[in-house]
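Some notes on the structure that comes next.
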Amino acid sequence: MSGKANKQKQAKQTNPLIVANKKVFGKGNVAHPRDLTRYIKYPLYVRIQKEKRLLMKRLKTPPAVNIFANHTLDKTNATQLFKILDHIKPEERAAKLQRIRAAAKELAEKTQKGEKATASKKTEKPATLSYGINNVVRLIERKQAKLVVIAHDVEPLEMVVYLPYLCKKLQVPYCIVKGKARLGQLIHRSTAAVVAVTEIKKEDKAAFESLVQNVKSIYFENAHMYREFGGRINGFKHNEKQKKIQSKLNKDLADKAKQQAALTVTTAVEEKAAPVAEEKKADKTA
0 MSGKANKQKQ AKQTNPLIVA NKKVFGKGNV AHPRDLTRYI KYPLYVRIQK
50 EKRLLMKRLK TPPAVNIFAN HTLDKTNATQ LFKILDHIKP EERAAKLQRI
100 RAAAKELAEK TQKGEKATAS KKTEKPATLS YGINNVVRLI ERKQAKLVVI
150 AHDVEPLEMV VYLPYLCKKL QVPYCIVKGK ARLGQLIHRS TAAVVAVTEI
200 KKEDKAAFES LVQNVKSIYF ENAHMYREFG GRINGFKHNE KQKKIQSKLN
250 KDLADKAKQQ AALTVTTAVE EKAAPVAEEK KADKTA
């Protein structure tokens, strides 16, 4: 009963003034739906992006490059990472000036009173991200970086291609994330190739330590990642051609197998019939 009632309601909702015309795909009628993406003329920067992506798929890429292409941090860990990094963004210029002025005022008041001139927690420099390739490399070499975050789409890649191997050698935790623009937002820039965490806030310490353990298990314990070549992924047309060639070969092999089976059957029958024919000949001669 409920099904019939629903059908009646649906019938009532239709507008009688609007008539549904069926599409006719014959000659001179409605054009067939087609995928026209290959006929679109894209802007130059989009064409370069598409060509680069295609080359990276087709060509054999060495392990050092393949790490950036196929071993980025997964979504759950990446969201957790950016939540923590968002809390230690570098100060904006106005906030920094305000803090420095407050610190200077506080120190001046303390010196006037004859107290020890030390900055309070309010005017201390907060824990912030370190950025800039030279600066980050220096921190890695001194083992002061607690975590190094590298962007996967740096241009040219030679700027950061050595960082995973340097971090692994010196046992400094690192990870590769998608998007240099996303890293740039953290440091108030348009893009950033790499950032490093040297200090962390107390409230984020436990979450940060668990994240570092996850990162170590992904990037340090996976030895295959540093020897795996990338690329060599063929296109749709090539795969279809190969399928046709393979199906033809399989068909030829099946035909040959059938012929061979038929030949063996005929030879077996002839072998069985040979002694009977000889006996008949012998009887005739006798």
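If you're matching positions, the sequence shown starts at 0 in numbering that gives the first Met the number 0 and goes up one per residue. Note that the Cβ used here is the ideal one computed from N, Cα and C, for glycine as well. Predicted, not measured: the structure shown is a model, and the values here were computed from it.
Span of the alpha helix (DSSP H) holding residue i?
| i | result |
| --- | --- |
| ILE290 | Nothing can be reported for residue 290: it is not among the residues displayed for the chain, which extend from 0 to 285. |
| ILE175 | ILE175 -> not in any alpha helix (DSSP H); beta strand (DSSP E) instead, spanning 173-176. |
So the beta strand (DSSP E) residue i belongs to, where does it begin and stop?
| i | result |
| --- | --- |
| SER129 | 128-130 |
Which of helix, strand or coil does DSSP assign to residue i?
| i | result |
| --- | --- |
| LEU146 | strand |
| VAL135 | helix |
| VAL29 | coil |
| ALA260 | helix |
| ARG141 | coil |
| ILE17 | coil |
| GLU157 | helix |
| LEU162 | helix |
| LEU35 | coil |
| HIS151 | coil |
| PHE235 | helix |
| LYS243 | helix |
| GLU105 | helix |
| PRO274 | helix |
| VAL268 | helix |
Do residue i and residue j have their C-beta atoms closer together than 7 Å?
| i | j | result |
| --- | --- | --- |
| THR60 | GLY230 | yes |
| ALA144 | ALA192 | no |
| VAL196 | LEU146 | yes |
| THR75 | ILE175 | no |
| ILE139 | VAL171 | yes |
| LEU182 | VAL194 | yes |
| THR36 | ILE87 | no |
| LYS179 | THR190 | yes |
| LYS95 | ILE232 | no |
| TYR218 | PRO62 | no |
| PRO89 | ILE186 | yes |
| VAL29 | LYS21 | no |
| ILE83 | ASP203 | yes |
| PRO163 | ILE66 | yes |
With which residues is residue i paired in a DSSP beta bridge?
| i | result |
| --- | --- |
| THR60 | GLY229 |
Suppose only complete runs of 3+ residues qualify. What are the beta strand (DSSP E) ranges in the region 168-226, listed by chain order? Runs found: 173-176, 193-196.
Identify every run of the alpha helix (DSSP H) within the region 60-103, keeping only runs that are complete inside it and at least 4 residues long; order them along the chain. Correct list: 62-69, 74-86.
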